[in-house]
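J.: Numbering (the numbering used here), first residue to last: 200 to 523. Each residue gets a CB set at the ideal place from its N, CA and C atoms; glycine is no exception.
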Ligand code: ATP
Ligand code: SF4
Ligand code: MG
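1. Contact check, residue 490 vs residue 429 under 8 Å by CB: the rounded distance?
2. Could you please give me the residues that DSSP links to residue 513 through a beta bridge?
3. Using the three-state DSSP reduction, which class does residue 454 fall into: helix, strand or coil?
4. If you drop the 5 nearest sequence neighbours on each side, which residues of the same chain put their C-beta closer than 8 Å to that of residue 450?
5. Report back the beta-carbon spacing between residue 378 and residue 410 to the nearest angstrom; my notes put them in contact at under 8 Å.
6. Put residue 238 into one of helix, strand or coil per three-state DSSP.
7. Could you tell me whether the stretch 299-311 touches the stretch 253-269, using the rule of 3 or more Cβ pairs below 8 Å?
8. Who are the Cβ neighbours of residue 425 in its own chain at under 7 Å, not counting the five residues just before and after it?
9. Measure the alpha-carbon distance for residue 316 versus residue 247 and round it to whole angstroms.
10. Between which two residues does the alpha helix (DSSP H) carrying residue 400 extend?
11. Could you tell me which residues DSSP pairs with residue 273 in its beta bridges?
12. Could you tell me whether any non-hydrogen atom of the ligand PLP is closer than 7 Å to the CB of residue 382?
13. Which word fits residue 447, buried or exposed, when buried means at least 16 other C-beta atoms lie within 10 angstroms of its C-beta?
14. From residue 432 to residue 319, what distance separates their C-alpha atoms?
15. To the nearest angstrom, report how far apart residue 456 and residue 488 are at their CA atoms.
16. The beta strand (DSSP E) with residue 309 in it runs from where to where?
17. If we count the other Cβ atoms within 10 Å of its Cβ and call it buried at 16 or more, is residue 294 buried or exposed?
18. Output the boundary residues of the beta strand (DSSP E) element that contains residue 228.
19. Please look up how many angstroms separate the CB atoms of residue 481 and residue 434, rounded, as I've assumed it's under 8 Å.
20. Alpha carbon to alpha carbon, how far is residue 452 from residue 494?
21. Can you find a heavy atom of the ligand ATP that lies under 7 Å from the Cβ of residue 295?
22. Below 7 Å, is the gap between the Cβ of residue 321 and the nearest heavy atom of the ligand SF4?
23. When the Cβ atoms of the stretch 358-374 are set against those of the stretch 384-400, are three or more pairs found closer than 8 Å?
24. Measure the C-alpha to C-alpha separation of residue 262 and residue 503 and round it to an integer number of angstroms.
25. Report the start-end ranges of each alpha helix (DSSP H) in the stretch 317-371 that is 4 residues or longer and not cut off at the edges.
26. In this structure, what does DSSP give as the bridge partners for residue 435?
27. At a threshold of 7 Å, does residue 219 count as lining the ligand ATP (C-beta to nearest heavy atom)?
28. Taking DSSP as the reference, what is the three-state secondary structure of residue 427?
29. Tell me the residue span of the alpha helix (DSSP H) that contains residue 447.
30. Tell me the residue span of the beta strand (DSSP E) that contains residue 414.
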């Protein structure tokens, strides 16, 4: 069953230098209990996509086209008040900078308590502090926080990065969202903690049936967490499909290039150079396929015509090598 359906989404930012074309015609969906990992280099539009879905874009951003239907509701038509209710309950987002996700002036306990209170209110139940504490302790155990009774008495600055992430995951679980959006939640952490958090998220997805939209610049991380993977480049969706297809039979030259940088899972080692050049300036994106200035397979048509998204088996790919 589809939980989130995004169609032809385009977003721009107004800046003193002109219009930044941050997202261009992005289409995808996430089923209930499924995870989608979005991968791409810095500036490819990953955070813009996450913020657009949560309707948390900054004031200089504008939805140019498209629709976002969450749990049957067209959220671009909701008032800010109606949207706030959905964010408290249906959609929970952890931002790119974990430290900014918690309020620095309140103890962990107060913030988790507030999350439970909001849910009780939504469910029409009276708040019961001792029940709430029991629930908080049990969820902190689920997210494998050591010494939870000590941790909840602390302020956010007294926690490590890994602990903050776990507290944020716990908060998400106490809220019981239908969709959990995590924007690069592990990139600031060391590799071991990263692996633990990813495993934890996967376990929790299976246990609680929560859908996940996970953002990362690392395709190896995407392959661990995503049931499906979307590859974004310069605001364009380049490839989207089940993780095993995208990882083991990548079709788009950009996906192949991303994979060539991780030797262990790459069949392309030695065949493709590590991607030269950098993500284009989105104030004035390249015409046609936005990847053409860096593409080893570029053809005459590539800088003239924007490739359509075509379906090859069960993968969607935007490249003139496929389709017509
Ligand atoms: P990173 O991996 O560095 O977090 P990202 O993939 O999340 O990158 P976005 O932050 O979505 O990329 O940015 C996409 C494009 O939009 C970039 O060109 C960026 O400069 C631009 N952009 C992002 N936020 C704003 C803003 N508030 N105002 C103007 N331009 C913005
Ligand atoms: Fe390369 Fe052309 Fe495909 Fe773009 S459309 S990825 S430039 S072959
Ligand atoms: Mg980002």
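T.: Looking at the atomic coordinates:
1. At roughly 15 Å, the Cβ-Cβ gap does not stay under 8 Å, so residue 490 and residue 429 are not in contact.
2. In the DSSP output, where bridge partners are listed per residue, residue 513 has none listed.
3. helix
4. 438, 511, 514, 516, 518, 520, 521
5. 5 Å
6. strand
7. no
8. 234, 235, 236, 413, 442
9. 30 Å
10. 390-407
11. 268
12. For the ligand PLP, the structure offers nothing, since it holds only the ligand ATP, the ligand SF4 and the ligand MG.
13. exposed
14. 41 Å
15. 16 Å
16. First-last for residue 309: 307-322, but that is the alpha helix (DSSP H), not the beta strand (DSSP E).
17. buried
18. 217-230
19. 6 Å
20. 7 Å
21. yes
22. no
23. yes
24. 25 Å
25. 328-341, 347-350
26. 223, 432
27. yes
28. strand
29. 442-447
30. 410-415
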